[in-house]
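Engineer:
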């Protein structure tokens, strides 16, 4: 009997999620820099409105980051549990004689 496990796809998925988290953070940093500069330069009431949009963007981004972190954690845990299950199955089959 052959038992084979390949967990590279789960590892790749976890890496892709982490990359996405990094890109989202970069976009947030860019938004924060641009909104700060724009808010300081605007002389009318639009500056205040821009601050509200920036605060809403930050709230959405924080929720998105939490979601991506939870997904990454779930994928990582699933990968570890599947590897453990495979190891257990291999040891059971290995100890069985025909």
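In my numbering, the protein residues as written are -8 to 89. Think of the CB as a built atom: it goes at the ideal place given N, C-alpha and C, for glycine as much as any other residue.
1. Measuring straight from C-alpha to C-alpha, what distance separates residue 47 and residue 16?
2. Would you say the region 3 to 17 touches the region 56 to 75, given that touching needs at least three Cβ pairs under 8 Å?
3. Specify the secondary structure class of residue -2 as computed by DSSP and reduced to three states.
4. Is the Cβ-Cβ distance between residue 26 and residue 45 less than 8 Å?
5. Give me the Cβ distance between residue 68 and residue -2, rounded to the nearest whole Å; I'm assuming they're in contact under 8 Å.
6. Please confirm whether residue 66 and residue 8 have their CB atoms less than 8 Å apart.
7. Please determine, among 49, 11, 14 and 86, the residue with the shortest C-alpha to C-alpha distance to residue 23.
8. Which of the three DSSP states is assigned to residue 57 in this structure?
Structural biologist: For this structure:
1. The count along the chain shown starts at 1 and reaches residue 47 at position 56. The count along the chain shown starts at 1 and reaches residue 16 at position 25. Counting only the Cα atoms, residue 16 lies some 15 Å from residue 47.
2. yes
3. As a working mapping, residue -2 is identified with position 7 in the chain shown. Under the three-state reduction of DSSP, residue -2 is assigned to coil, being neither helix nor strand.
4. What you label residue 26 is simply residue 35 of the chain shown in a count that begins at 1. What you label residue 45 is simply residue 54 of the chain shown in a count that begins at 1. Yes.
5. Within the chain shown, the letter at position 77 stands for residue 68. Within the chain shown, the letter at position 7 stands for residue -2. Actually they are not in contact, since the Cβ atoms of residue 68 and residue -2 sit about 12 Å apart, beyond 8 Å.
6. Position 75 of the chain shown holds residue 66. Position 17 of the chain shown holds residue 8. Cβ atoms of residue 66 and residue 8: closer than 8 Å.
7. Position 32 of the chain shown, counting from 1, holds the residue named residue 23. Closest option to residue 23, judged by alpha-carbon separation, among 49, 11, 14 and 86: 49.
8. Taking the first residue of the chain shown as 1, we reach residue 57 at position 66. The answer is helix: DSSP assigns residue 57 an H, G or I state.
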